[in-house]
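Trainee: Residue numbers (this note's numbering): 935 to 1129. All C-beta atoms, glycine included, are put in the ideal place defined by N, C-alpha and C.
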Ligand SMILES: Cc1cc2nc3c(=O)[nH]c(=O)nc-3n(C[C@H](O)[C@H](O)[C@H](O)COP(=O)(O)O)c2cc1C
């Protein structure tokens, strides 16, 4: 049986070995009320269950997801000339996933996460970049990195795909190969599309 998630995972491994700058990234599009927004995120894992990313619950994107869990993720590997558009529904991962990952985040990211609780929520306005830098500098002096615990606002989410579209630009003469995979009763069905 064709499994587009396996195809993406294999492509990701190839993209990594080709040092593709996009190998660790994805673009997540959300819409609360018909006004779409998109952002770059680090793509953590790809499995048959879906695709996972880590975010902050004080962010604008978390508020959007809470209102509408339907999402589309875009992956583009220039090194392979392949694009994936993954449509599905977002769910929050259980706490264990974030508890396991968060301690491995770079120190700067940990301090930023803490600042979203004590200084300002993510995506909100602040007085200046300098004001944030000064807050974090002070916080760091009184809170060494090993004293930081996983904050409640750190969250893992998984996109559970229902439809995946692959556009492969490798054929000559712009005769692109475009396929749509749809999950029907637990099985992926493939359709060839006009590119
Ligand atoms: C290369 C790159 C990687 C990023 N990775 C993440 C990430 O893994 N998680 C995250 O929450 N934001 C990440 N961001 C920042 C987001 O793109 C976005 O600016 C931020 O999450 C706020 O989004 P929001 O206001 O829509 O919630 C990344 C940005 C870039 C450019």
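1) Taking the alpha carbon of residue 1029 as the reference point, which residue from 1060, 1121, 1023, 1086 has its own alpha carbon closest?
2) Would you check if the segment 1069-1081 and the segment 1102-1113 touch, i.e. whether three or more CB-CB distances between them fall below 8 Å?
3) Contact between the segment 1032-1042 and the segment 950-968: three or more CB pairs below 8 Å?
4) Can you round the beta-carbon distance between residue 1151 and residue 1004 to whole angstroms, since I take them to be within the 8 Å contact cut?
5) Could you name the residues, in chain order, whose CB is less than 7 Å away from a heavy atom belonging to ligand 1?
6) Which of helix, strand or coil does DSSP assign to residue 1016?
7) In this structure, does DSSP put residue 945 in helix, strand or coil?
8) Near residue 950, what residues of its chain come up, given a Cβ to Cβ distance below 6 Å and the 5 sequence neighbours on each side ignored?
9) Given 8 Å as the limit, is there contact between the segment 989-1000 and the segment 1048-1065, that is, 3 or more CB pairs closer than that?
10) Run the CB neighbour count on residue 1121, radius 10 Å, all protein chains shown included, and call it buried at 16 or more, exposed below.
Mentor: For this structure:
1) The shortest C-alpha separation from residue 1029 is found at 1086.
2) no
3) no
4) Missing from the structure shown is residue 1151; the chain here goes from 935 to 1129 and no further.
5) 959, 971, 973, 974, 975, 976, 987, 988, 989, 990, 993, 994, 995, 996, 1056, 1057
6) strand
7) helix
8) 957
9) yes
10) So residue 1121 ends up on the exposed side.
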